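Student: There's a structure below that I have some questions on.
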Amino acid sequence: MEYITVKNVFVRFSAQTEPILKDLNFNIQKGEIFCITGETGSGKSLTEHTISGLLPVDAHISGTVTWKGKNFYALKEAEKRSIRKNEMGFVLQNSASALNPLLTCKQQLLLAWKTKQVSDKTLCALLKEVRLEPPQKILKLYPFQLSGGMKQRFLLAMGIIGSPEIIFLDEPTKGLDDALRKDTIALIQNIHKTKKLTIVLVTHDLELAEEISDTLIVMHGGFIYEMGKTKELFNNPFHPYFKNLLASLPSHGMKAFDGFSLLNQNLEEIETAEVNRSKMIKIDDNHFVRVCEC
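Numbering of the sequence shown is given in the UniProt record's numbering, commencing with residue 1 and proceeding in unit increments.
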C-alpha cells in the first residue's frame, strides 16, 4: 500500500536560481524501511525534510507530496502540524547535541509527550522498550551522564512517543563503535517489527542500508541516480556512481574514486544539463537508474 508519494518534486531557495532537489519521484509503502543514501551534500536530509514538511521558510517546492491520498503541501498549516504531531516521530542525528543538557531525561520525555499527564510507570515502560535500564534511575539523569549508545537509545525512545505511524531516522549509527552499532540496528529492527512502523532512514552507512532497508534511493547533487528494492540494487548495481560507492566500502576493498562516467558521460554533464534531458529508466520492476540524453 502506497503511504507516501513524491511526484515531480523540485526544491529551490530564494537566493538560488537552480533547484537543490531535482526531479524527485518515488513511493514509500506502508510498513517498509525506506532508505535515502548518498554522500554528504547529496540532498538526503533535505529530501527527508521535504517528505515531512519541515523545509526552511525560504524554500520553494513544486510538484506534490501525497500522504495517504492527501496533497500534504496543499493542507492548512494546522492540518500539517496535526499530522506531524500524531503520525510522525523523529530521531535526530548527533545524539550529543540533540538533547538539552539542562534538562533531565524525565523532563525531556515529558516535553515531547503529547498529553500533559504521564506517570513514571509509563515513562519507565517506554525506556524499557529501548533497553534503557534501570529506567527509574535513567529518568533522573542528565544527558552528560549517558554514554553515546544510551543517548542514541534515548533518542529512539523520544521518536516512538505517542505511537507514530512513521519515524524518520537520521544517521542512527553515526559515531557508534561496532558493538553499539549492532545493538542499535537490532533495536531499530525490533521496533519496526513490534510496532509495525514505516521508517524513513537517512544514512551514509551502506552496510546498514543493505542490512535493514526494503527500498533504497541513491542520491547525488539533488538527483536520485539509482532506486529500487534494496536487495536488487546491491545484487545488481547499475549506475557507475553507486558501483563506486559500493567499491569504497571496507568489505569491498575500500577503493578510492574521484568521479565516474555515466554511460560514457561524466558527472558534470548530467548535473549541468537541462533537467528534462535527464530521466530515470526502468531496468526491471524493482530497479530504476538515471541517464542523461545529452
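Built from N, CA and C at the ideal position, the CB exists for glycine as well.
It should be emphasised that the depicted structure is a prediction, and the values quoted were computed from it without experimental measurement.
#1: Compare the C-alpha of A74 against each of T64, L245, G162 and G159 and name the closest.
#2: If we count Cβ pairs, one from each stretch, closer than 8 Å, do we get three or more for the stretch 145-157 versus the stretch 200-214?
#3: Can you tell me whether E133 is buried or exposed? The criterion is at least 16 other CB atoms within 10 Å of its CB, across all chains shown.
#4: When you compare each of S97, E79 and V9 to G43 by their alpha carbons, which one comes out closest?
#5: Give a yes or no on whether the C-beta atoms belonging to G148 and L187 are separated by under 9 Å.
#6: Give the C-beta separation of K114 and K85 to the nearest angstrom, bearing in mind that I take them to be a contact with Cβ-Cβ under 8 Å.
#7: Between the C-alpha atoms of D23 and N190, what's the straight-line distance to the nearest angstrom?
#8: Under 9 Å between the Cβ atoms of K174 and H204?
#9: Who pairs with T37 in a beta bridge, going by DSSP?
#10: Between I51 and V118, what straight-line distance do the alpha-carbon atoms span, to the nearest angstrom?
#11: With distances taken from CA atoms, which of E18, R12 and F26 is nearest V6?
#12: Quick one: what's got a C-beta closer than 7 Å to A59's C-beta in the same chain, skipping five residues either side?
#13: Which of the three DSSP states is assigned to P19 in this structure?
#14: Would you identify the three-state DSSP class for S147, choosing helix, strand or coil?
#15: Which whole-angstrom value describes the C-beta separation of H220 and E39, a residue pair presumed to lie in contact below a C-beta threshold of 8 Å?
#16: What does the alpha-carbon distance come out to for the pair I33 and Y225?
#17: What number of angstroms, rounded off, separates the C-alpha of L267 from the C-alpha of G159?
#18: Enumerate in chain order the residues of its own chain whose CB-to-CB distance from D284 is below 7 Å, with the five nearest sequence positions on each side excluded.
#19: Taking its Cβ as the centre, do 16 or more other Cβ atoms sit within 10 Å of R81, making it buried, or is it exposed?
#20: Run through the DSSP bridge pairs and tell me what M227 is partnered with.
#21: Let's test the definition: count the other Cβ atoms within 10 Å of the Cβ of S95 and tell me whether it reaches 16, buried, or not, exposed.
#22: Tell me which residues share the same chain as L263 and place their Cβ nearer than 7 Å to its Cβ, disregarding the 5 neighbours each side in the sequence.
#23: Taking only the alpha-carbon atoms, compute the straight-line gap between L233 and L206 and give it to the nearest angstrom.
#24: State the beta-bridge partners of K282 as determined by DSSP.
#25: Report the three-state DSSP secondary structure of T115 (helix, strand or coil).
Tutor: Here's the rundown:
#1: Closest option to A74, Cα to Cα, is T64.
#2: Counting Cβ pairs under 8 Å, fewer than three are found: no touch.
#3: Counting Cβ neighbours within 10 Å, E133 comes out exposed, since fewer than 16 surround it.
#4: That would be V9, whose Cα lies nearest to the Cα of G43.
#5: Annotated as distal: G148 and L187, with beta-carbon spacing of 9 Å or more.
#6: Yes, they are in contact, since the Cβ atoms of K114 and K85 sit about 7 Å apart, within 8 Å.
#7: N190 has its alpha-carbon roughly 34 Å from the corresponding atom of D23.
#8: Result yes, Cβ atoms of K174 and H204 sit closer than 9 Å.
#9: In the DSSP output, where bridge partners are listed per residue, T37 has T203 and V218.
#10: Straight-line Cα distance between these residues: approximately 30 Å.
#11: Nearest option by C-alpha distance: F26.
#12: Its chain contains V11 and F13 as the residues whose beta carbon lies nearer than 7 Å to that of A59, once the 5 sequence neighbours on both sides are disregarded; these appear in chain order.
#13: Residue state, collapsed to three classes: coil.
#14: In the three-state DSSP reduction, S147 falls in the coil class, being neither helix nor strand.
#15: Confirmed, about 7 Å.
#16: Taking the straight line joining both Cα atoms gives about 19 Å.
#17: Interpretation of L267 is limited by its pLDDT of 47, a score under 50 that renders its predicted location unreliable; the figure taken from the coordinates is listed afterwards. About 37 Å.
#18: If you ignore the 5 residues before and after D284, its C-beta comes within less than 7 Å of no other C-beta in its own chain.
#19: Label assigned to R81: exposed.
#20: M227 pairs with I217 and F288.
#21: Under a 10 Å Cβ-count criterion, S95 is classified as buried, with 16 or more other Cβ atoms of the shown protein chains found around its own Cβ.
#22: Legend: pLDDT at L263 = 43, less than 50; position of this residue unreliable, value from coordinates given subsequently. Result list for L263: V291, in chain order.
#23: Straight-line Cα distance between these residues: approximately 11 Å.
#24: Looking at the DSSP assignment, K282 forms a beta bridge with F288.
#25: Here T115 sits in coil by DSSP.
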